[in-house]
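Below is one structure, written out as structure tokens; the observations come after it.
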Amino acid sequence: MTTLTRAQRRATCIHEAGHAVAFALGGVSVYRLAVAAEGAEAWRTDIRNGRMCTGLWGLCEKADLVLPRQFLRWLMNEGCLHPDAKGHPQLLQRPEGRAQVEGFSARQQREIRAQMVGLMAGPAAEQIFRGEAAHLCPGGECDEVRQAEDLSWLLPARDAFADAVALTVHILSWPEVWAAIERVADELERAGTLTRGLRGLLPAALPDWPPGSAAE
228 MTTLTRAQRR ATCIHEAGHA VAFALGGVSV YRLAVAAEGA EAWRTDIRNG
278 RMCTGLWGLC EKADLVLPRQ FLRWLMNEGC LHPDAKGHPQ LLQRPEGRAQ
328 VEGFSARQQR EIRAQMVGLM AGPAAEQIFR GEAAHLCPGG ECDEVRQAED
378 LSWLLPARDA FADAVALTVH ILSWPEVWAA IERVADELER AGTLTRGLRG
428 LLPAALPDWP PGSAAE
């Protein structure tokens, strides 16, 4: 990591605000946003469950995705369960695995889509801020896009990832959504960390959003 410039810090604020606003629209709770100080050469910050975030310039802490135990892994050092995307393909190759996914309720499917869109909204917002077209390709270098792609295995529609990409780009094109991202980014840039009062900066959840595909 090189020294964090003012321009890079602003782009990071947009990135984290993009996550937060998209998660909020999908009903996913966001607990904290943080960004490194201008001129930083490295950055680390504590996050929930006693973990430490390193190697990044910013952070968006949000609620975890709740899934049945078969799709989770136990982290002994944290004493909690987390989604285990690495095991999804193997599990879903078996009929009983596919049956479990197809048995997810509409609420569970919507939460998965909301998590996917929220993950991809960060890098997409930063790309748009830099004057680029939003580019969210499967199998790419962006960790957040790969995480969203992994979650797409948990939806019955095989075009679930492409649908989530389209929803991400579409929601960021709404003027009121982009205005909310800039508003949150402004506050994050000023404060460095947002916890108390963050909820008041974020938009209310949209009913029944994100929508699913006909295949679901």
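First residue of the sequence shown: 228, per my numbering; consecutive thereafter. Yeah, the Cβ is synthetic: ideal placement off N, Cα and C, and Gly gets one too. All values reported here derive from a predicted model rather than from experimental measurement.
Exercise. Do the CB positions of A249 and A348 come within less than 7 angstroms of each other?
Worked result: Numbered from its first residue, the sequence shown carries residue 249 at position 22. Numbered from its first residue, the sequence shown carries residue 348 at position 121. A348 is positioned such that its CB atom lies closer than 7 angstroms to that of A249.
For this session: Quick one: grab the DSSP three-state call for E288.
Result: On the sequence shown, position 61 is the one that residue 288 refers to. Here E288 sits in strand by DSSP.
For this session: Would you list, in sequence order, the uninterrupted alpha helix (DSSP H) runs of no fewer than 4 residues that lie entirely inside the region 377-415?
Result: Counting whole runs of 4 or more residues, the region 377-415 contains the alpha helix (DSSP H) stretches 387-399.
For this session: Closer than 7 angstroms by C-beta to V396: which residues in its own chain qualify, once you throw out the five before and the five after it? Chain order, please.
Result: One-based indexing of the sequence shown puts residue 396 at position 169. Counting only Cβ-Cβ distances below 7 angstroms, and skipping sequence neighbours, we find A351, A361.
For this session: With distances taken Cα to Cα, identify the nearest neighbour of C287 among D435, P437, V411, L381.
Result: Residue numbering aside, residue 287 sits at position 60 when the sequence shown is read from its first letter. Closest option to C287, Cα to Cα, is V411.
Exercise. DSSP state of R423, grouped into three classes?
Worked result: If you number the sequence shown from 1, residue 423 lands on position 196. Annotated three-state conformation of R423 is coil, per DSSP.
Exercise. CB E376 to CB P365, shorter than 7 angstroms?
Worked result: What you label residue 376 is simply residue 149 of the sequence shown in a count that begins at 1. What you label residue 365 is simply residue 138 of the sequence shown in a count that begins at 1. Against a cut-off of 7 angstroms, the Cβ pair of P365 and E376 comes out as a contact.
Exercise. With which residues is R373 paired in a DSSP beta bridge?
Worked result: As a first step, residue 373 is located in the sequence shown; it is residue number 146 there, counting from the start. R373 is not bridged by DSSP to any residue.
Problem set entry | Presumed contact (8 angstroms Cβ cut-off) between E414 and L433, rounded CB distance | Counting from 1 along the sequence shown, the entry for residue 414 is found at position 187. Counting from 1 along the sequence shown, the entry for residue 433 is found at position 206. Their Cβ separation, rounded to whole angstroms, is 22 angstroms, which puts E414 and L433 out of contact at 8 angstroms.
Exercise. Between the Cα of R357 and the Cα atoms of H242, L231, T229, which residue gives the shortest distance?
Worked result: By 1-based counting over the sequence shown, the position of residue 357 is 130. For R357, the closest alpha carbon among the candidates H242, L231, T229 is that of H242.
Exercise. Mind checking whether T232 and G285 have CB atoms under 7 angstroms apart?
Worked result: Taking the first residue of the sequence shown as position 1, residue 232 is located at position 5. Taking the first residue of the sequence shown as position 1, residue 285 is located at position 58. The answer is no: Cβ separation not under 7 angstroms.
Problem set entry | Neighbourhood of L346 by C-beta, 6 angstroms cutoff - its chain only, sequence neighbours within 5 removed | Along the sequence shown, read from residue 1 onward, the residue named residue 346 stands at position 119. Answer for L346: E371, Q374, A375, listed in chain order.
Problem set entry | Identity of the residue in E353, G367, L381 nearest R334 by Cα | The residue labelled residue 334 in the question sits at position 107 within the sequence shown. Distance check between R334 and each of E353, G367, L381 places L381 closest, using alpha-carbon atoms only.
For this session: Going by CA-CA distance only, name the one from R271, G253, V257 that's closest to L421.
Result: Position 194 of the sequence shown, counted from the start, is the residue given in the question as residue 421. In terms of CA proximity to L421, V257 leads the group R271, G253, V257.
For this session: Return the chain-ordered list of same chain residues with a C-beta closer than 7 angstroms to the C-beta of R325, the five sequence neighbours on each side being excluded.
Result: Working through the sequence shown from its first residue, we reach residue 325 at position 98. Taken in chain order, the residues that qualify are L319.
Exercise. If you draw a straight line from the alpha carbon of I274 to that of G367, how long is it in whole angstroms?
Worked result: Walking along the sequence shown from the start, residue 274 turns up at place 47. Walking along the sequence shown from the start, residue 367 turns up at place 140. So the alpha carbons of these two residues sit roughly 26 angstroms apart.
Exercise. How would you call V392, buried or exposed, if buried means at least 16 neighbouring beta carbons within 10 angstroms?
Worked result: Locating residue 392 in the sequence shown gives position 165, where the first residue counts as 1. Flag for V392 reads buried.
Exercise. Considering R237, what are the terminal residues of the alpha helix (DSSP H) in which it resides?
Worked result: Locating residue 237 in the sequence shown gives position 10, counting from the first residue. For R237, the uninterrupted alpha helix (DSSP H) run begins and ends at 233-252, by DSSP.
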